[in-house]
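Working notes, structure below.
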Amino acid sequence: MKNTQHGVRQRPLLFIALACTIPAFYMILIGPQPAIRQIGNLLYGITAALIALEFVLQRRHPLHARKPWHVSLGDLLIFCGALASAWPTTPPWSMLEWTLRLGFSGIVFLRFPKLLMAWMVPRHLMQILAVSVVLLALAGGGFYWLEPKVVTYGDGLWLAFITGATVGYGDLVPSTPASRVFAVFIVLLGYAVFSVVTASIAALFVGEDEQRFEKELHADIRALRKEIGHLREEMHQSMRPPRDLP
């Protein structure tokens with residue numbers, strides 16, 4: 332796989348940092364106690380520290396050692412947003428703060444799938460399905476925590492699935508601002524995951540056809556080589572001088 336240095340296994344600190352922003356956002360938004368909101372601010376601070384450490388380690392990597400200091404704009408914005416979000420605030424948020432926090436969450440959302448997709452190669456269907464199951468489990472837990480109408484974890488999983496698949500049966504719907512914001516990101520992430528799963532299944536069929544065509548091509552090449560060998564022998568025999576008759 333090309334550009335594997337950008338994958339999850341090669342950039343685990345960035346992956347952990349992005350994952351910390353999800354509970355941090357909701358701990359500050361709906362935390363019933365100041366201690367929980369302080370944990371959310373602490374998670375944002377941890378996010379900023381991990382991204383800063385990621386910048387340093389990336390700079391010390393042999394591939395970047397001789398290059399000038401260069402940082403991705405998206406990662407820099409995430410660092411600045413996490414650093415600003417670590418400052419203690421108390422809901423309800425103003426319109427400006429809502430806009431900034433949702434914009435920061437959108438940048439994280441765009442960066443998170445890009446980091447995952449580097450690992451989710453279309454031909455690795457089992458890896459993609461495993462990641463999909465983990466994301467569904469986390470989304471179910473998120474709805475179980477955020478949505479008061481979800482009384483069991485199973486209902487949370489069901490709401491996560493129908494939201495990500497954009498089925499919308501209507502038996503369970505997000506009813507609070509926090510769960511609705513969460514549902515928006517689940518829908519967008521569901522589009523990305525389902526498209527990769529579909530592409531992986533299609534790649535399996537295409538790969539089988541390619542293997543069959545490759546076998547047929549090799550068989551044709553071997554047959555052609557035999558024909559060329561027979562033609563050479565016939566040409567050599569025809570070019571030999573006739574023997575003198577007694």
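So for the sequence shown, my numbering puts the first residue at 332; every next one is plus one.
Quick reminder that beta carbons are idealized off the backbone N, C-alpha and C, glycines included.
Residue range of the alpha helix (DSSP H) that residue i falls in?
i, result
"T494", "Y484 to G495"
"D502", "D502 -> no alpha helix (DSSP H), and no H or E assigned at all."
"T420", "Here T420 belongs to no alpha helix (DSSP H), and DSSP marks it neither H nor E."
"G412", "L404 to S416"
"G473", "L456 to L477"
"P363", "No alpha helix (DSSP H) contains P363, which DSSP labels as neither H nor E."
Within a Cβ cutoff of 8 Å, which residues of the same chain sit near residue i, ignoring the five residues on either side of it in sequence?
i, result
"I382", "L344, L345, A348, D406, I409, F410 and A413"
"A491", "L467, A470, G471, G473, F474 and I517"
"Y500", "I493"
"R543", "none"
"T483", "Y475"
Can you list, in chain order, the residues of its chain whose CB lies under 6 Å from that of residue i, leaving out five sequence neighbours each side?
i, result
"A350", "none"
"E580", "Since the first and last residues shown for the chain are 332 and 577, residue 580 lies out of range."
"G487", "G471, F474, Y475 and V481"
"P444", "A523"
"N372", "A417 and P419"
"T378", "A348, C351, T352 and A413"
"A355", "G371, L374 and Y375"
Quick check: residue i and residue j, are their CB atoms within less than 9 Å of each other?
i, j, result
"E478", "S510", "yes"
"G473", "I361", "no"
"S425", "I359", "no"
"Y375", "W476", "no"
"Q364", "P419", "no"
"S587", "L446", "Residue 587 cannot be examined here, being either before or after the span of the chain that is shown, 332 to 577."
"R342", "Q389", "yes"
"F525", "A554", "no"
Assuming the contact rule is C-beta atoms closer than 8 Å, residue i and residue j should be a hit. Round their C-beta distance to whole Å, please.
i, j, result
"F520", "L466", "Residue identity differs from the one stated: residue 520 is Leu in this sequence, not Phe. The Cβ separation is near 7 Å, so the contact holds."
"A514", "T494", "5 Å"
"I459", "V387", "Not really, about 32 Å apart at Cβ, beyond 8 Å."
Residues in its own chain within less than 7 Å of residue i by CB, not counting five upstream and five downstream?
i, result
"K557", "none"
"K480", "L503 and S506"
"W489", "L503"
"V439", "L349, T352 and I409"
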